[in-house]
Amino acid sequence: MIKIKTFGVIRLGSGIKEFDAESSQVRTVEDCFNALNIKSAPDADKFSFAEAQVFVNHTRTTKKNFAIKDGDEVWLMSPASGG
């Protein structure tokens, strides 16, 4: 299992705080976004790697093809913004 957690706008837009995904279906960071978009309500916002910061096991990755394996924890975070 892969534990996927969302933060910020991604959490608000998807309506999902966290969920588990099968490691046979989620093999890359990009797959995490696909799983999130499938799990979200049909009318929820759709998210992609291009609009997020991604951490795998507490380490930031900038590669959407970064390999995910069983037992990993992935954080999908909206970029910081403020004013």
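Numbering (the working numbering), first residue to last: 17 to 99. Glycine included, every Cβ here is placed at the ideal spot set by N, Cα and C.
| Query | Result |
| --- | --- |
| According to DSSP, simplified to helix, strand and coil, what is Arg43? | coil |
| Whole angstroms are fine: how far does the CA of Ser40 sit from the CA of Phe23? | 24 Å |
| Quick one: give me the first and last residue of the alpha helix (DSSP H) that Ser26 is part of. | This sequence places Ile at residue 26; Ser is not what is there. Where Ile26 is concerned, the enclosing alpha helix (DSSP H) stretches over Val25 to Ser30. |
| Does Ala66 pass the burial test, meaning 16 or more other C-beta atoms within 10 Å, or should it be called exposed? | exposed |
| When burial is assigned at 16 or more other CB atoms within 10 Å of the CB, is Ala83 buried or exposed? | exposed |
| Where do the N-terminal and C-terminal ends of the beta strand (DSSP E) with Asp36 fall, by residue? | Glu34 to Ala37 |
| Please state whether DSSP places Ala51 in a helix, a strand or coil. | helix |
| Which residue from Asn73, Val70 and Phe49 puts its Cα closest to that of Ser30? | Phe49 |
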